[in-house]
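Undergrad:
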Amino acid sequence: MAMLPRWLSHENRYLSEVLKASPDIQTIRLRHGDTHYQLKGESHDPVVVLVHGFSVPSFAWEANQEALIENGFQVLSFDLYGRGFSARPSVKYSQTLFVEQLNDLLQALNIHKPVHLVGLSMGGAVVSFFNKTYPDKVASTCLLAPFSKPIPIGPLKLPVLGRYLAYVFYIPSMLKNQIKDFVKPEMLDYWQGRYEEQMSIKGFRNAIFSSANYAIQEDPQPAFHSFSGKPCLLLWGREDELFPLEESKLVRESLGDSHEFQIIDEAGHGLQFEQADRVNQALIEFLKKHS
């Protein structure tokens, strides 16, 4: 039984090996290690920052980046610590960690003008906490099915046993459970293939376990209140199984009267990928109006 976590692990590579073998992967060194990022578009255009969710890294935005660039925006996407091709530091994976990662990244890239933030799922909470911490650095915000309250993780909170259960049961099941993000299962093969890449890099399991115990235990409601009077767009997939549409009511109550709300039909939690054209249209219309 003690060997099960090791046997079930996908982790067989160090990030340094991956980056050395793939020099086309663009990274920048921040305070907690390398951050993988992509910055595309004209430097004089308004900057849109895309922040992914709990476990799927920045490839989640592949169907959105070019549409935004073609419509006059410079687009920054990046992998949160512990995901994709970013470092897996041995720290507490809290909202503060991710907020400061984004702030450090903007400073390192010499982006000093207010940016438009787009956050998906847990990324919605990250951009909300960022707005609360650095309101002068945010021009507007788009939230795509953000998590609205602390997420119960049951026995994963238990000392020692919690990590064992996460490594043996919860994390190994994450790959196949990606199907829950989609209404159309035919999209799953490509998505799972991209997702599995990051699981092979050492430190992924610890990052997910720590994020479950810290980042998604922080109540985002006070951060949602910080949008009062600032442009905000809320999008939600009508068939979202992870965060059902009903949960949008709690978010809307916290955002107040200044936000816009759209429901995306025939979309689950991965609405930005599954219904990319509709989501892109909504984002572009909103961002042009507030740029």
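When we follow the numbering used here, the leftmost residue of the sequence shown carries the number 605, and every step to the right adds one.
Heads up, the beta-carbon is just placed ideally off N, CA and C, and yes, glycines get one too.
Please read all numbers here as calculations on a predicted model, not as lab measurements.
Closest by CA to Val731, which one among Asp869, Leu837, Ala811 and Gly874?
TA: Position 127 of the sequence shown, counted from the first residue, corresponds to residue 731. When each option's Cα is compared against that of Val731, the closest is Leu837.
Undergrad: Ignoring anything shorter than 3 residues or poking outside the stretch 636-660, list the beta strand (DSSP E) runs there in chain order.
TA: 637-644 and 651-655
Undergrad: Can you tell me whether Gly807 is buried or exposed? The criterion is at least 16 other CB atoms within 10 Å of its CB, across all chains shown.
TA: Taking the sequence shown and counting its residues from 1, the one referred to as residue 807 is at position 203. Of the residues assessed, Gly807 falls on the buried side of the cut-off, its CB having 16 or more other CB atoms within 10 angstroms.
Undergrad: Would you check if there are 3 or more beta carbon pairs closer than 8 Å linking the stretch 676-690 to the stretch 656-668?
TA: yes
Undergrad: Checking the sheet assignment: what are the DSSP bridge partners for Gln866?
TA: As a first step, residue 866 must be located in the sequence shown, where it is residue number 262. Partner(s): Leu839.
Undergrad: Which value, in whole angstroms, describes the spacing of the CA atoms of Asn781 and Ser681?
TA: Counted from its first residue, the sequence shown places residue 781 at position 177. Counted from its first residue, the sequence shown places residue 681 at position 77. Their backbone Cα atoms lie some 24 Å apart in a straight line.
Undergrad: For Arg842, which residues of its own chain have a beta-carbon under 8 Å away from its beta-carbon, when the five flanking residues on both sides are left out?
TA: Residue 842 sits at position 238 when you count from the first residue of the sequence shown. Same-chain partners within the cutoff: Leu849, Ile867, Ile868, Asp869, Glu870 and Ala871.
Undergrad: Is the separation between the beta-carbon of Leu887 and that of Leu672 shorter than 8 Å?
TA: Translated into positions along the sequence shown, residue 887 becomes position 283. Translated into positions along the sequence shown, residue 672 becomes position 68. Contact flag set, yes.
Undergrad: Taking just the CA atoms, how far does Arg882 sit from Gly657?
TA: One-based indexing of the sequence shown puts residue 657 at position 53. One-based indexing of the sequence shown puts residue 882 at position 278. As the crow flies, the alpha-carbon of Gly657 is around 20 Å from that of Arg882.
Undergrad: Quick one: using the 10 Å Cβ neighbour count with 16 as the cut-off for buried, is Gly833 buried or exposed?
TA: For the purposes of this step, residue 833 is taken as residue 229 along the sequence shown, with counting starting at 1. It counts as exposed.
Undergrad: Is the Cβ of Asn675 closer than 8 Å to any Cβ of chain B?
TA: The chain labelled as chain B is not found in the depicted structure, where only one protein chain is given.
Undergrad: What does the alpha-carbon distance come out to for the pair His894 and Phe773?
TA: To locate residue 894, count along the sequence shown from 1; it is residue 290. To locate residue 773, count along the sequence shown from 1; it is residue 169. Rounded to whole angstroms, His894 to Phe773 spans 45 Å at the Cα level.
Undergrad: Report the rounded CA-to-CA distance for Ala606 versus Gly645, giving the unit in angstroms.
TA: Start at 1 with the first residue of the sequence shown, and residue 606 comes out as number 2. Start at 1 with the first residue of the sequence shown, and residue 645 comes out as number 41. At Ala606, the pLDDT of 46 sits below 50, so the modelled position is not reliable and the matter cannot be decided from this model.
Undergrad: For Tyr618, which option in Ile632, Leu634 and Asp638 has the closest C-alpha, if you only look at C-alpha atoms?
TA: Here residue 618 refers to the residue found at position 14 of the sequence shown. Cα-wise, what sits closest to Tyr618 is Asp638.
Undergrad: So Asp823 and Pro754 are in contact, right, with Cβ under 8 Å, and what is the actual spacing, rounded?
TA: Translated into positions along the sequence shown, residue 823 becomes position 219. Translated into positions along the sequence shown, residue 754 becomes position 150. Their Cβ separation, rounded to whole angstroms, is 6 Å, which keeps Asp823 and Pro754 in contact under 8 Å.
Undergrad: Going by beta carbon distance, what residues of the same chain come within less than 6 Å of Met595, once the five residues before and after it are set aside?
TA: Nothing about residue 595 can be reported from this structure: the residues present for the chain run from 605 to 895 only.
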